[in-house]
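Number of protein chains: 2
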Amino acid sequence: MDELRQELKIRGYRLTSQREAVLRAIYEGACTQSVEEIHERAKQWLPSLGLTTVYRTLELLKHARKVQEIYLGDGKVRYEPILETHHHHLICQVCGKVEPVEGCFLSPFEGATLVRNGFQILGHRLELYGRCRDCQEG
Amino acid sequence: MDELRQELKIRGYRLTSQREAVLRAIYEGACTQSVEEIHERAKQWLPSLGLTTVYRTLELLKHARKVQEIYLGDGKVRYEPILETHHHHLICQVCGKVEPVEGCFLSPFEGATLVRNGFQILGHRLELYGRCRDCQEG
DNA sequence: AAACCTATTGAAAATAATTTTCATATATCA
DNA sequence: TGATATATGAAAATTATTTTCAATAGGTTT
């Protein structure tokens, strides 16, 4: 949270109770949350928090690389915190649950440039789809 | 296209000029296209085609596993055809261009079950972010 | 080929998510 | 504490997507 304070100061932004509430909601909530869910959770600490402010704060945190967007196929964008531990997702195609998996064999390629077309790789995202234990029949 | 005809028949759907136009637009267009783009392209062959029908056809093709959704962070969902050749994407963070990359070392894990939590992997998606050749300074 | 029946279509209306506007409130700094 | 520019909440506006419904047109049967 202190780190955030620094980040904001550097960029000329202000640290407000709204921003703290949204950030806390993101970090304490599920792996991925919709804007509505983040809003609900954050209102625990700050009941007067407006939905518009949640949208604005998420935009801010996205630029500050504190959160990441993820789209699961229903009409709404979800957000998750960018943690120190790089991870990917297991997405159950039956119940929709999202679980994180740590460990990644792609990290060594960060910074690499592909010979075929000169594309320089700076990051990646991997989503594994399938069925969680609870959703396997038989 | 004949394959599609079969697919539709099996499911009790009809093969209409609209559906053919949308499918053709998807296959002949860029790697990923927005609904609006698909609509514009398809109107070349069928000017009377309505946007609603494009949405409906994409939903149909999604269920028939002919197309896949992808979200690039602007507010709209994009679609791409599911081709026989499994591939992933190189997404330029500067200009937004999307290029396909073939070859995938994750395929052997399809069907595998993770020991840690019993999750059965059935498919995956990998997106590589970075800078395309044209967008690298220096 | 004509008739039938049901799936499909286009346009407009409705919805849902997200963004913009604007007057008010409040962090931050002198 | 006061000045000031940024941030906020509510409402309005916008944008993407879905639903409604009367009209159309596949595909099958005769």
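Chains as they are written, first to last, in our numbering: chain A, 1 to 138; chain B, 1001 to 1138.
Backbone N, C-alpha and C fix where the C-beta goes; we use that ideal spot for every residue, glycine too.
As the structure is a computational prediction, the values presented were derived from the model and not from experiment.
Thr52(A) and Ile38(A) have their C-alpha atoms roughly 12 Å apart. Taking CB atoms only, Leu122(A) has a neighbour in chain B less than 8 Å away. In the displayed model, Tyr79(A) falls within a strand according to three-state DSSP.
At least one CB atom of chain A sits nearer than 8 Å to the CB of Cys1132(B). Distance from Tyr129(A) to His1089(B) at the Cβ level is roughly 16 Å; contact not present, criterion being Cβ atoms closer than 8 Å. With a threshold of 8 Å between beta carbons, Gly12(A) makes no contact with chain B. Taking a Cβ-Cβ cut-off of 9 Å, the neighbours of Gln93(A) in chain B comprise Leu1122 and Gly1123, given in sequence order. Between Gln33(A) and Leu8(A), the alpha-carbon positions lie close to 23 Å from each other. Restricting attention to Gly73(A), Pro81(A) and Tyr13(A), the CA atom closest to the CA of Val22(A) is found in Pro81(A). Counting along the chain, Glu1137(B) sits inside no beta strand (DSSP E), nor does DSSP assign it H or E at all. DSSP, read as helix, strand or coil, puts Pro47(A) in coil. Per DSSP, reduced to three states, the secondary structure at Thr1085(B) is coil, with no helix or strand assignment. The C-alpha of Leu15(A) lies about 50 Å from the C-alpha of Lys1043(B). Cβ contact annotation for Ser17(A) (same chain, cutoff 7 Å, sequence separation greater than five): Leu46, in chain order. Going by DSSP, Gln1068(B) is part of the beta strand (DSSP E) stretching over Val1067 to Tyr1071. Setting aside the 5 residues that flank it on each side, Pro100(A) is surrounded in the same chain by Cys31, His87, His88, His89 and Leu90, each with a C-beta closer than 8 Å to its C-beta; the list follows chain order. In the structure shown, Gln93(A) falls within a coil segment according to DSSP collapsed to helix, strand and coil. With 16 or more other Cβ atoms inside 10 Å of its own Cβ, Cys1132(B) counts as buried. Proximity of Leu1090(B) to chain A, defined by a Cβ-Cβ separation below 8 Å, is satisfied. The Cβ atoms of Val1067(B) and Tyr1079(B) lie closer than 8 Å to each other. Taking a 10 Å sphere around the C-beta of Cys92(A), we find 16 or more other C-beta atoms and assign the residue as buried. Here Leu1061(B) is buried. Its C-beta has 16 or more other C-beta atoms within 10 Å. Glu69(A) is the residue among Glu3(A), Thr85(A) and Glu69(A) whose C-alpha sits nearest the C-alpha of Gly1073(B). Counting along the chain, no beta strand (DSSP E) covers Glu110(A), and no H or E run does either.
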